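Student: Numbering (the numbering used here), first residue to last: 2 to 385. The structure's right below; bear with me while I get my questions together.
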Ligand code: NDP
Ligand code: MG
């Protein structure tokens, strides 16, 4: 029996690579749902190729375009996040791949888990902003999250059943394109420069997050929720080659590491085939070609986003929700040339200072806090 897949964010970098993995392993998977936002052309091409039961567009203009073209098709075309929710409810699905970018992924991810469907999670913003709610729903339905993020996939694969023996998680970070920059040099960083990542080819938002090290900060919080490990037991190590995808250290001093080429198709495939492994034709790592692997401590002063994420993670409650929302707005403003690279952490800190963390919250209250943080973040522009 083929695994029935819902792929949310199929038009993005992770989405397209997920489809490449499925092309490689055609006999094992069937696409039932695809979703995109602006890129109607690509979604249309994908729809014609994979013939899913549902496609959803979350942007009105692109939805209208596709609706007008696919008039005689049996594919059902829905609009918006509500459309995704409807499709997940009506369609028989074995695994939801959440590959949308940003906190917009919270609602569909929670819905999938609520329906008892396992989630292959690329969308780290969801678990950062709503980790508590995610865990509550999982506890009710038993639905699993299989990480797609390469570091968390690595940790997931290195974790032994005896959780008591775990000492710490060591998350590796490439350091991004400005790894060796001083604070002064960081003042000159433009969006064009920040969008050129040395090792990974990714969507714009995560590429900027990698340059500020906020990506690693979000991943620290993601690791905390996925593996129930305290922040004191999560360490970040800069590893410029991006070959060791992360490590797990045990109380006896043993470290288990996961190695591979920097190719997202590998962790995507593992999340799709879990608990099995399948062969593929993707390029394989030859360590003699790499030669040497380096590891350094991160520079928390030049990259304050990482420090902020640890602080916010430790405070918990709704602080990570605010950090995530403020960061999403800050990245957007930076890409529009409205704030500078070094202002990204300043804006986030400025918003965090205004928030009193809330302890017990519903989904609706969480969404209100997310909205509040986005509004305040934009006010930063009027004060400079
Ligand atoms: P992209 O920007 O390439 O893709 C984002 C996807 O989300 C696209 O399909 C896009 O549609 C869709 N989308 C954008 N805005 C909305 C919205 N408002 N509502 C619904 N859908 C929307 O991002 P990536 O693929 O790089 O990243 C996706 C997620 O995976 C992120 O959370 C990221 O942190 C995580 N991740 C990515 C990695 C990578 O290598 N790229 C590695 C590890 C994690 P459209 O293009 O049609 O507008
Ligand atoms: Mg990662």
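We put the beta carbon where it would ideally sit given N, CA and C, even for glycine. Remember, it's a predicted structure, so these values are computed and weren't measured experimentally.
Kindly identify the DSSP beta-bridge partner or partners of residue 99.
Tutor: 9, 122
Student: For residue 15, verify whether its CB is less than 7 angstroms away from any heavy atom of ligand 1.
Tutor: yes
Student: Please specify which runs of the alpha helix (DSSP H), each continuous and at least 4 residues long, are wholly inside the segment 39-70, giving them in chain order.
Tutor: 41-51, 61-70
Student: In the DSSP output, what is residue 248 paired with across the bridge?
Tutor: DSSP lists 171, 258 as partners of residue 248.
Student: Is there at least one non-hydrogen atom of ligand 2 closer than 7 angstroms to the beta-carbon of residue 150?
Tutor: Yes; taking the cut-off as 7 angstroms, the Cβ of residue 150 has a heavy atom of ligand 2 nearer than that.
Student: How would you label residue 305, buried or exposed, when you count the other beta carbons within 10 angstroms and need 16 or more for buried?
Tutor: buried
Student: Three or more C-beta pairs closer than 8 angstroms, one from the segment 80-93 and one from the segment 107-116: is that the case here?
Tutor: yes
Student: Taking its Cβ as the centre, do 16 or more other Cβ atoms sit within 10 Å of residue 2, making it buried, or is it exposed?
Tutor: With fewer than 16 Cβ atoms within 10 Å of its Cβ, residue 2 is classed as exposed.
Student: Is it the case that the CB of residue 220 approaches a heavy atom of ligand 2 more closely than 7 angstroms?
Tutor: Relative to ligand 2, the nearest heavy atom lies less than 7 angstroms away from the CB of residue 220.
Student: Kindly indicate the opening and closing residues of the alpha helix (DSSP H) around residue 342.
Tutor: Segment: none, residue 342 is in no alpha helix (DSSP H) and carries neither H nor E.
Student: Is residue 297 helix, strand or coil by DSSP?
Tutor: strand
Student: Go ahead and pull the three-state DSSP assignment for residue 359.
Tutor: Coil at residue 359, not helix or strand.
Student: Can you list the alpha helix (DSSP H) stretches of 4 or more residues lying completely in the segment 157-212, in chain order?
Tutor: 184-187, 192-195
Student: CB-CB under 6 angstroms to residue 298, same chain, minus the five flanking residues each way: which ones, in chain order?
Tutor: none
Student: Can you give me the Cβ contacts of residue 38 inside the same chain, cut-off strictly under 6 angstroms, excluding the 5 residues immediately before and after it?
Tutor: 59, 60
Student: What would DSSP say about residue 334, mapped onto helix, strand or coil?
Tutor: Of the three classes helix, strand and coil, the one that applies to residue 334 here is helix, per DSSP.
Student: Are three or more beta carbon pairs between the segment 308-315 and the segment 213-223 nearer than 8 angstroms?
Tutor: The segment 308-315 vs the segment 213-223: in contact.
Student: Three or more beta-carbon pairs under 8 angstroms between the segment 244-258 and the segment 330-343, yes or no?
Tutor: no
Student: Which word fits residue 320, buried or exposed, when buried means at least 16 other C-beta atoms lie within 10 angstroms of its C-beta?
Tutor: By the 10 Å Cβ count, residue 320 comes out buried.
Student: Evaluate residue 372 with the Cβ neighbour count: other Cβ atoms within 10 Å of its Cβ, from every protein chain shown; 16 or more gives buried, anything less gives exposed.
Tutor: exposed
Student: Look at residue 177 and residue 212 and say whether their C-beta atoms are less than 8 angstroms apart.
Tutor: yes
Student: What does residue 237 pair with, by DSSP beta-bridge criteria?
Tutor: Per DSSP, 172.
Student: What are the start and end residues of the alpha helix (DSSP H) that includes residue 148?
Tutor: Not the alpha helix (DSSP H): residue 148 falls in the beta strand (DSSP E), residues 146-148.
Student: Which residue or residues does DSSP assign as beta-bridge partners of residue 36?
Tutor: 9, 57
Student: Starting from the C-beta of residue 156, find all residues in its chain whose C-beta is less than 7 angstroms away, skip the five residues before and the five after it, and write them out in chain order.
Tutor: Result list for residue 156: 170, 224, 228, 247, 249, in chain order.
Student: I want to check one thing, is the minimum distance from the CB of residue 265 to the heavy atoms of ligand 1 below 7 angstroms?
Tutor: Checking every heavy atom of ligand 1 against the Cβ of residue 265, one is found closer than 7 angstroms.
Student: Could you spell out the range, first to last residue, of the beta strand (DSSP E) harbouring residue 114?
Tutor: Element bounds for residue 114: not the beta strand (DSSP E) but the alpha helix (DSSP H), 107-115.
Student: So, for residue 278: in the same chain, excluding its five sequence neighbours on each side, which residues have a beta-carbon less than 8 angstroms away from its beta-carbon?
Tutor: Excluding positions up to five away in sequence, the list reads 271.
Student: Who are the near neighbours of residue 31 in its chain, counting only those whose CB is closer than 8 angstroms to its CB and skipping five residues on each side?
Tutor: 3, 4, 5, 6
Student: With respect to 7 angstroms, is the separation between the Cβ of residue 215 and the closest non-hydrogen atom of ligand 1 below this value?
Tutor: no
Student: Assign residue 377 to one of two classes, buried (16 or more other C-beta atoms within 10 Å of its C-beta) or exposed (fewer than that).
Tutor: Buried, by the Cβ-count rule.
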